[in-house]
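*Asks:* Next up is a structure, given as structure tokens.
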Amino acid sequence: MKTYITNKVLIALGTICFVLAGLDIAIGHHGSFGIDALPFFYCLFGFVIYVALIFAAKALRRLILRPEDYYGRNAIDAEPAQRPEADNV
Amino acid sequence: MDAAFALIAGHANYWLVVILMMIGLYVAIARGNLVKKIVGLNLFQTSVFMLYISMGKVEGGTAPILTGLPATVYSNPLPHVLILTAIVVGISTTALALALVVRIREAYGTIEEDEILEIERDVGSKS
Amino acid sequence: MLQALLHQLPVLQIVLPLVAAPIVAAFGGNGRGWMIAFATSLIAFAVAATLFAEVLDGSVISYHLGGWAPPIGIEYRVDILNAFVLVIVSGVSAICLLYARASIAAEVEEKNHAFFYATFLLCMTGLLGVTITGDAFNLFVFLEISSLSGYALISAGAKRDRRALTAAYNYLVMGTIGATFFVIGLGLLYMLTGTLNMADLAARLTGYGDSRTLRMGFAFIFVGIALKLAMFPLHLWLPNAYTFAPSAVSSFLSATATKVAVYALLRILFTVFGFDSAFEANVLRLIVLPLAIVAIFVASFVAIFAEDLKRMLAWSSIAQIGYMLIGIALLSHEGLMATVIHLFNHAVAKAALFMVAGAFMLRAGTTSIPDLRGIARDMPWTSAAFVLAGLSLVGVPLTVGFISKWYLVQAALTQNLWPVALLVVLSSLLTLTYVWRITETIYMREAPAGVRRSEAPLSMLIPTWIFTGLSLYFGIDAGLTSMAASRAANALLGASNLFWQ
Amino acid sequence: MSDLATPALIYFAAALVTPFIRWHIARAIFLLSVPLVALATFAFAQYGAYSNLPFFELHLTLFRLDALSYVFALVFSLAAFLSLLYAWHIRDRLEQVSSLLYAGAAIGAVFAADLVTLFVFWEGTAIASVFLIWARRTEGAYHTGLRYLAIQVGSGLLLLVGIILNYQDTGSIAFEHMELGSLATWLIFLAFGIKCAFPLLNNWLQDAYPAATLTGTVTLSAFTTKLAVYALARGFAGTEILIYIGAAMTLFPVFFAAIENNLRRVLAYSLNNQLGFMVVGIGIGTPLALDGTVAHAFAHVIYKGLLFMSVGAVLYRTGTDKASELGGLWKSMPLTMMFCIVGALSISAFPLFSGFIAKSLIVSASADTGHFIVWLVLLAASVGVLEHAGIKIPYSMFFGHDRGLKVKEAPFHMLLAMGLAAALCILVGVWPQQLYALLPYPVDYAPYTTDHVLTQLQLLFFAGLAFAVLIRTGRYPVELRGVNLDIDWLYRRFLPNLFSRLSSAIRALWQAAARFAAGRTDRALVLLFRAHGPHGLIARAWPTSSMVLWIAVLLGITLVLSYL
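Protein chains in written order, with my numbering: chain A, 194 to 282; chain B, 223 to 349; chain C, 26 to 526; chain D, 791 to 1354.
This is the structure in structure tokens:
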């Protein structure tokens, strides 16, 4: 299956991140609490939290995912797709 | 003993009124026939008339018609007058009630309350 | 000349409709009856409004019937409270008569119209009389005039449904017992005091102190009036009577008859008994308050499940009377204000709602709720009036209903009766439920296919909207009602010497 | 009569007229003019209280213009204009009228200087807005609307009780700062909290917003919750508990949003998360934090509206808003995609976009006041925002799996509305001083420092990198059809089940005890109905004898009580 996140995109993103991390060394940043003044704090925080969030959400889904007609056949989630360009969507 | 006697005899009019009142109310409650209910109602009202009238009696008083004699003791005429009015009200009530009973009889073919309720419930559950 | 006429206003208030009634009965054929009745009610309203304006400053007009001075002669006594009720009764009569023309033409047989309007005028005479008189026995007579003509008016619904007859009969039996109880109580008071003038009674009763006869008299009078005002569980006559009466009559009686009874209760409780006895407080606190609360909930539930619009409105009346009784039972200035304002609110809103029911009856031929599906499409103005008047019944802000509930809740809270306050607020949800149920049916449901109903005639729409407009107008500009209510409450409490004041 | 001046009246008057304009283009133009006219009435007015309406023993003030109410009314007017422009094609008068009433009520509430007026408009927003859901005219929408209405009206009732109690306590109905402590203030706080979708009170939002019409959702997203933010800011600024409530609000929706399939519901969770930032700001209560809250509310209304518009445009063209059915639309709807990405960048707080210059104030304020944990939570929540609103929304609609959908670009008026909103996002992001000048307190804050820009970019890009890596390794969650349970499970499944279990248990007991098998009792209401229904014990016609008996009973009780 075709994906939009091609190697090129990955490399581009990686490069930007590399540059940003480099700037952290070159310019440095200040922090309010000490821990956030550490080098690469924001880089690591962003990456780790994102991954953790996704895994936590996937675990959550195991618990709470139900079929669309769980709340009844007439619930809004179980309604069939609307006719495109209908006014009352 | 005397006291008990006084309680009964001294208030004889009240006792009569109360008994009559109870009979009237009982008829109104217990009888399913609409006309009999009205009779009960009449008894009930009449008992009240008697309460008023007996109330107006003054010991040793005469009928409240001016005699011209200075020492005459009159019974109190006011309750009597009031009761005249109340009697008129009572008659109107009875007349209206009887008229209604006639109409009910035309509409339902019966004047027994339980039969009428039966018919009405059938209508109610159908509609 | 004019001045002389002005002095006769109190008696004119009664005599005009009383004299007009036989005229209507005799010459009222071909629609003339309606004309005369309507004109009379308009004049009566003008008289009531003039009286109201005169006593607005708190003064009292005392009129001696036939020139006989009270306490022997009969006195008509107008103060701000009963002038307010007079305005309500005569105003509602006029507007209901305006409405009645089209509605009665459809619901009552042509040959009976003259008698119908004559009876209507008599009923109005009775209600006005109860309100204006200062004599307790006279009050009974007027009460019976209004009740008897009321039974006849209700039975006029027999053309549509014969159950109107049994409803009228039941009401008659109950009403007569109630009135007789009232007379018994009055007799006992007369035995004690030898007077029947209310002001005089009040003055003498304070001198007599407590006695068994007094208490017994109070109990009889209280039960008698409670029956007339349909206090739960003495309400059993009301649902059928209001359901099967012609719509104009339902509208008229629901707006006036029970209100006048509430007024009579206020008069007796506060003016005559003067309210200095613990036993009255007992009765109010231990009987009226709980029964009123039960009434609100039970009657609201019945209204929620009702299948017929008029029956729903009738049960809702029983619930609304509960609010007025709570206001009385709280025995405070704010509570009485709530009662008086609610009196007005309910008169106006319920009259409008019954008029809407009548319009539906006229155009759709039924008031059965399932049959009214989608009727808002065909009768938008009537339906909109229902929603607005319904909101006033619920007590939504910007309607009169909110103001009376506000005072009621305040009154309950100042006495730390917060469960009562809470129940009052909760019960509004029930009211909302049954109003909403109708709104949903008439607006959201598909109309039955092929059914087309035209909008109600203007002669019915205008009265409906007058009432609806009033309940909105006085909800926003609450000055007049709350001022009148406040002064009325003052007058009532001032007449009595509440022991905790 | 009395002084009823408030800009809300213009909306209400227009709502009265709207149904009678027959030609729909004329109606649409008329609608568009309403927010502008209303805006003109207060945009250039001096601050102050303008109306004084005696209302029995109280005095109502319908129109109070100060810095706080000005900003909110301004952004509400903009939102009303944009959503009406977006809804240009709508011919349904019900929806148009309720949009006007809803916007009017929200603006009226913002200008209310006393609690009674606030209450009236508060309930007004509830009642007017539910028609935006019902305008969808399906059974599901009807039931969802009822749930929404019950909760919203419930919030109003709590508010009313709170107001009455507060009046008892203080003798005042003025809407000013309050201290939590009495029952009255707690009730008011709770009422605000429900409308603000506090954790556990939040679910009406996720339940209702995806159920409205596509244009209705855009309108809904602007007013109700921001009104609650306004009310909290006015009444409870600096209340400490709000900091923690807000922090929880920023975090928990993030997980739900990540796995939600319905894109409008994703945005509803995201809305919840954004409200969290504002609530934190209110809780901190320093001038910087409050400015941040107001600025964020302003920016948020615009970019969240923009995102809802882009999802709505896709829904309009494809007929669905479910991620599992969408993808690859960038070719057919390039402009919508562009605007959507502007919204996504704004909400993720990329520098040069409006979210950045607003959210930074709140995050900085939390750091300044030394709330370390809260600060960390906000930072983590920012990553979450990027995940579901910044990446998932545009990615799943315009990229993701190409479903081969062949559709047209969104209609012109939608593009115009989105373009205006996008332009606003960028304008505010690039020139924040214009927005800062409107804020209640003077702002001495420079968002564009090297430090700040750099750390923000690091945070966002590394999170983006994580996304790319997860996608490539196949660990990013696939979009699945289905519903995810939330608090609404309690009242949509658990309680009904419990009731039916209970009632069947009661039925079993009842039958065993009385051997009284009479009809079905599978609903709790049936017992009630049996007593009160048309043929129930209480409701049916009674013979006169029983009535008379009641009279006797009551007389007896009265006599007994009289002799006590």
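For each residue, glycine too, the CB sits at the ideal point set by N, CA and C.
Predicted model only: the values in this text are computed from it and were never measured.
1. Where I819 of chain D and Y1034 of chain D are concerned, what is the direct C-alpha to C-alpha distance, given to the nearest angstrom?
2. With a 10 Å radius around its C-beta and 16 neighbouring C-beta atoms as the bar for buried, classify Q28 of chain C as buried or exposed.
3. Taking C-beta to C-beta, are G500 of chain C and L418 of chain C nearer than 8 Å?
4. Check for me: the beta strand (DSSP E) holding L265 of chain B runs from which residue to which?
5. Residues of chain C with a CB under 7 Å from the CB of Y274 of chain B: which are they?
6. Of all Cβ atoms in chain B, is any one closer than 8 Å to the Cβ of L1345 of chain D?
7. For a contact meaning CB atoms closer than 8 Å, what does L247 of chain B contact in chain D?
8. Can you name the start and end residues of the alpha helix (DSSP H) that S945 of chain D belongs to?
9. At 8 Å on the CB atoms, spell out the chain B contacts of S180 of chain C, in chain order.
10. Output needed in chain order: residues of the segment 172-196 of chain C with a Cβ under 7 Å from some Cβ in chain B.
11. Who are the Cβ neighbours of I341 of chain B in its own chain at under 7 Å, not counting the five residues just before and after it?
12. Along the segment 254-268 of chain C, where does the CB come closer than 7 Å to a CB of chain D? Name the residues.
13. I'd like the list of long-range same chain contacts for L350 of chain C, defined as Cβ closer than 7 Å, with 5 residues on each side in sequence excluded.
14. Can you name the residues that DSSP bridges to V1273 of chain D?
15. Along the chain, which unbroken stretches of the beta strand (DSSP E) at least 3 residues long are found entirely within the segment 841-925 of chain D?
16. Within this structure, are the beta carbons of M337 of chain C and A331 of chain C separated by less than 8 Å?
17. Look at the alpha carbon of A71 of chain C and the alpha carbon of F77 of chain C, and state the distance between them as a whole number of angstroms.
18. By the 8 Å beta-carbon criterion, what residues does the segment 1162-1175 of chain D contribute toward chain A?
19. Hey, how far is the Cα of V365 of chain C from the Cα of A510 of chain C?
20. Residues bridged to T158 of chain C by DSSP?
21. S972 of chain D lies in the beta strand (DSSP E); which residues open and close that run?
22. Taking 7 Å as the limit between beta carbons, can you name the residues of its chain near N1052 of chain D, skipping five residues before and five after?
23. I'd like the span of the beta strand (DSSP E) that includes S1136 of chain D, first residue to last.
24. Check for me: the alpha helix (DSSP H) holding I487 of chain C runs from which residue to which?
25. Between I321 of chain C and A354 of chain C, what straight-line distance do the alpha-carbon atoms span, to the nearest angstrom?
26. For V1338 of chain D and F243 of chain C, what's the separation of their Cα atoms in angstroms?
27. Residues of chain D with CB under 8 Å from I341 of chain B, in chain order?
28. Does any residue of chain C have a CB that is nearer than 8 Å to the CB of F832 of chain D?
29. Taking the Cβ atom as the reference point for each residue, do L254 of chain C and V287 of chain C lie within a distance shorter than 8 Å?
30. What does the Cβ neighbour count give for A384 of chain C, buried or exposed, with the cut at 16 atoms within 10 Å?
31. Helix or strand or just coil, what does DSSP make of E334 of chain B?
32. In angstroms, rounded to a whole number, what distance separates the CA positions of T65 of chain C and L41 of chain C?
33. By the 10 Å Cβ neighbour count, where 16 or more other Cβ atoms means buried, how is A250 of chain A classified, buried or exposed?
34. Just the Cα atoms here: how many angstroms apart are R478 of chain C and V270 of chain B?
35. The beta strand (DSSP E) with Y999 of chain D in it runs from where to where?
36. Is A893 of chain D near F1042 of chain D, with beta carbons less than 8 Å apart?
*Replies:* Taking the structure as given:
1. 45 Å
2. exposed
3. no
4. Careful: L265 of chain B lies outside any beta strand (DSSP E), inside the alpha helix (DSSP H) at 256-278.
5. G212
6. no
7. V1338, A1342
8. 929-960
9. L322, R325
10. L173, Y176, A177, S180, A183, R187, R188, L190, T191, A193, Y194
11. Y330
12. P258, L259, L261, W262, N265
13. M256, V313, A317
14. A:R259
15. 843-845, 848-850
16. yes
17. 10 Å
18. F1162, W1165, L1169, A1170, V1173, G1174
19. 6 Å
20. C:Y101
21. Careful: S972 of chain D lies outside any beta strand (DSSP E) and carries neither H nor E.
22. P1000, D1111, K1112
23. Note, S1136 of chain D: premise wrong, no beta strand (DSSP E); alpha helix (DSSP H) at 1124-1137.
24. 483-501
25. 14 Å
26. 19 Å
27. What I341 of chain B touches in chain D: nothing, since even the nearest Cβ is about 11 Å away.
28. no
29. yes
30. buried
31. strand
32. 7 Å
33. buried
34. 54 Å
35. From DSSP, Y999 of chain D is part of no beta strand (DSSP E); its letter is neither H nor E.
36. no
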